[in-house]
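Peer 1: Counting in my numbering, the sequence shown runs from 64 upward without gaps.
All residues carry an ideal CB built from backbone N, CA and C; glycine is no exception.
These numbers were taken from a predicted model, which means no experiment stands behind them.
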Amino acid sequence: MSAASGKKGGKGAPPPPGPPKDAADPPKGKGKATSGGFAPNMKAIKTDAYDKLPEGKVNIYSFIMNAIKIQESDGSVPSEALAARLKTAYGVGKGVPERLVDAGKVYCTAAFLEAFHIFANSFTKEYTKTTVTKLGDGRGKQAEVNTEVVQRDLEDAIIMFESHSEFGKEYLSMAEAWLHVNVGEGRQDKEARSWASDTMVLHDVNKNRNIKTVSEESRQEKELLQRQKSMQKAEERRRCFEHWLGLVPAALTDVLWSTCKQTMFLEGGSGGCLLAEMEAGSAICLKPKKMMAVSEFLAEYMFHALNVPVASCRVVNWTEDEFHNMTEHLLKAPVMIPGQEANVRTVLTGTAIEGDDLGIEYI
Numbered sequence: 064m065s066a067a068s069g070k071k072g073g074k075g076a077p078p079p080p081g082p083p084k085d086a087a088d089p090p091k092g093k094g095k096a097t098s099g100g101f102a103p104n105m106k107a108i109k110t111d112a113y114d115k116l117p118e119g120k121v122n123i124y125s126f127i128m129n130a131i132k133i134q135e136s137d138g139s140v141p142s143e144a145l146a147a148r149l150k151t152a153y154g155v156g157k158g159v160p161e162r163l164v165d166a167g168k169v170y171c172t173a174a175f176l177e178a179f180h181i182f183a184n185s186f187t188k189e190y191t192k193t194t195v196t197k198l199g200d201g202r203g204k205q206a207e208v209n210t211e212v213v214q215r216d217l218e219d220a221i222i223m224f225e226s227h228s229e230f231g232k233e234y235l236s237m238a239e240a241w242l243h244v245n246v247g248e249g250r251q252d253k254e255a256r257s258w259a260s261d262t263m264v265l266h267d268v269n270k271n272r273n274i275k276t277v278s279e280e281s282r283q284e285k286e287l288l289q290r291q292k293s294m295q296k297a298e299e300r301r302r303c304f305e306h307w308l309g310l311v312p313a314a315l316t317d318v319l320w321s322t323c324k325q326t327m328f329l330e331g332g333s334g335g336c337l338l339a340e341m342e343a344g345s346a347i348c349l350k351p352k353k354m355m356a357v358s359e360f361l362a363e364y365m366f367h368a369l370n371v372p373v374a375s376c377r378v379v380n381w382t383e384d385e386f387h388n389m390t391e392h393l394l395k396a397p398v399m400i401p402g403q404e405a406n407v408r409t410v411l412t413g414t415a416i417e418g419d420d421l422g423i424e425y426i
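1. Please classify D252: is it buried, with 16 or more other beta-carbons within 10 angstroms of its beta-carbon, or exposed?
2. Measuring CB to CB, does V378 end up less than 8 Å from A356?
3. So, with DSSP's three-state summary, where would you put G413?
4. Between the alpha carbons of G247 and A174, how many angstroms are there, rounded?
5. So, at 6 Å on beta carbons, what are the nonlocal neighbours of K150 in its own chain, with the 5 sequence-adjacent residues on each side left out?
6. What's the call for P351, buried or exposed, on a 16-neighbour Cβ count within 10 Å?
7. Taking C-beta to C-beta, are I347 and V311 nearer than 8 Å?
8. Please name the residue or residues paired with P312 in a DSSP beta bridge.
9. In chain order, what are the residue ranges of uninterrupted alpha helix (DSSP H) at least 4 long that sit wholly in the segment 201–228?
10. For A240, which residues of its own chain have a beta-carbon under 8 Å away from its beta-carbon, when the five flanking residues on both sides are left out?
11. Do you know offhand how far W320's Cα is from M399's?
12. Sort out for me which residues DSSP pairs C303 with in a bridge.
13. D261: which of A396, V371, F386 and G119 sits nearest, CA to CA?
14. Going by DSSP, name the residue or residues bridged to M237.
15. Would you say the segment 368–377 touches the segment 276–292, given that touching needs at least three Cβ pairs under 8 Å?
16. Whole angstroms is fine: what's the gap from H306's alpha carbon to A343's?
17. Between L337 and T326, how many whole angstroms is the CB-CB distance? I'm expecting something under 8 Å.
18. Taking DSSP as the reference, what is the three-state secondary structure of L369?
19. If you run the structure through DSSP and keep just helix, strand and coil, what is Q251?
20. Grouping DSSP H, G and I as helix and E and B as strand, with all else coil, what is C336?
21. Thinking C-alpha only, which one of F304, I133 and V155 is nearest P123?
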């Protein structure tokens with residue numbers, strides 16, 4: 064629906080006049096922009112992982128990332144370019160750029176390789192990988208999943224920095240190949256690796272967090288409690304199904320919607336359906352058809368012609384008084400499973416938001 068036009072809007076209304084050209088724009092936000100830099104409140108992105116480093120120390124992640132970004136096509140790491148980047152990078156202590164500016168390619172490439180392997184050796188945390196092997200059917204059968212514990216290795220560390228390199232995952236092998244050819248007597252290589260071992264700082268991102276450890280006994284108790292809750296929910300759902308299976312089909316015509324005792328939403332198909340328990344132990348199923356109403360009719364007549372048992376259906380259009388009478392009483396009826404109120408409203412009105420608007424045409 065389009066908004067009504069008035070004096071302040073509409074297709075033919077001219078745009079409102081702007082401010083005079085000599086008027087100064089009011090400041091936006093709390094931080095005032097400074098010339099040639101970020102607003103002061105943007106500098107809050109710095110953290111202890113990068114700021115509070117002793118002189119002569121460098122954050123290993125920052126060092127590796129900046130070295131990868133200026134790596135040349137032959138695989139080497141140029142010293143002047145690396146020093147220039149580290150001067151403006153986070154996590155670099157005083158004296159580090161000055162130490163590297165005249166060190167040379169062999170020194171910086173060897174330092175980069177040593178830093179990377181130090182990082183990779185510390186990058187060994189296990190993580191749980193879950194893979195869905197078979198999707199659920201949407202009607203109560205859960206999806207089948209495969210869970211395995213994966214140990215990170217050198218390849219995972221390479222992939223971690225891949226996006227920072229214009230050479231993809233080849234940045235490490237290129238640096239190793241270049242250094243192997245140009246290492247010479249190996250003196251600079253040993254000095255650079257020793258410097259990297261003493262200079263690089265591995266920041267533990269969890270050191271300032273309160274890590275809560277769970278004992279094996281406590282974990283087993285929580286798992287047992289979770290299994291009991293799952294079994295309880297499954298039993299409640301089984302009793303619900305038994306209740307509905309014990310009811311008889313209600314008549315499709317002259318339905319007294321005011322006698323509805325309770326409702327229950329069922330998932331599956333195109334949008335699920337709503338079961339409504341009526342008087343005299345009967346029940347009726349409601350399903351929003353939207354653009355599928357004709358298909359349902361054709362399917363019903365075809366099955367009847369083939370003598371195949373099939374549920375009969377009747378369309379209730381939103382323009383009919385019965386539609387509004389039905390939605391009014393079913394929305395007031397108790398919901399058998401707590402928490403399904405939004406699902407019930409979606410089936411009946413096409414939206415989970417309370418209001419008078421309808422998002423469906425047929426039920």
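Peer 2: In brief:
1. Position 189 of the sequence shown holds residue 252. Its Cβ being crowded by 16 or more others within 10 Å, D252 is buried.
2. If you number the sequence shown from 1, residue 378 lands on position 315. If you number the sequence shown from 1, residue 356 lands on position 293. Their beta carbons are under 8 Å apart, which means V378 touches A356 by this criterion.
3. Against the sequence shown, residue 413 aligns to sequence position 350. If DSSP states are grouped into helix, strand and coil, G413 belongs with coil.
4. For the purposes of this step, residue 247 is taken as the residue at position 184 of the sequence shown. For the purposes of this step, residue 174 is taken as the residue at position 111 of the sequence shown. Roughly 16 Å between the two C-alpha positions.
5. Translated into positions along the sequence shown, residue 150 becomes position 87. Same-chain partners within the cutoff: P160.
6. Along the sequence shown, one-based indexing puts residue 351 at 288. Classification for P351: buried.
7. In the sequence shown, counting from the first residue as 1, residue 347 sits at position 284. In the sequence shown, counting from the first residue as 1, residue 311 sits at position 248. No; because the gap between Cβ atoms is not below 8 Å, this pair is not in contact.
8. The count along the sequence shown starts at 1 and reaches residue 312 at position 249. For P312, the pairing in a beta bridge is given by DSSP as A346.
9. 217–224
10. Walking along the sequence shown from the start, residue 240 turns up at place 177. So the list reads G138, once near-sequence residues are dropped.
11. Taking the sequence shown and counting its residues from 1, one reaches residue 320 at position 257. Taking the sequence shown and counting its residues from 1, one reaches residue 399 at position 336. Their backbone Cα atoms lie some 17 Å apart in a straight line.
12. Here residue 303 refers to the residue found at position 240 of the sequence shown. In DSSP, C303 forms no bridge with anything.
13. Residue numbering aside, residue 261 sits at position 198 when the sequence shown is read from its first letter. D261 has its Cα closest to that of G119, out of A396, V371, F386 and G119.
14. Translated into positions along the sequence shown, residue 237 becomes position 174. None; M237 has no bridge partner.
15. Under the 8 Å Cβ criterion, the segment 368–377 does not count as touching the segment 276–292, having fewer than three qualifying pairs.
16. In the sequence shown, counting from the first residue as 1, residue 306 sits at position 243. In the sequence shown, counting from the first residue as 1, residue 343 sits at position 280. Each residue's Cα considered, the two are about 14 Å apart.
17. Position 274 of the sequence shown holds residue 337. Position 263 of the sequence shown holds residue 326. Contact holds; Cβ gap of about 6 Å.
18. Taking the sequence shown and counting its residues from 1, one reaches residue 369 at position 306. If DSSP states are grouped into helix, strand and coil, L369 belongs with coil.
19. As a working mapping, residue 251 is identified with position 188 in the sequence shown. Q251: helix per DSSP, three-state reduction.
20. For the purposes of this step, residue 336 is taken as the residue at position 273 of the sequence shown. Of the three classes helix, strand and coil, the one that applies to C336 here is strand, per DSSP.
21. Within the sequence shown, residue 123 is the residue found at index 60, counting from 1. Rather than Pro, the amino acid found at residue 123 in this sequence is Ile. It is V155.
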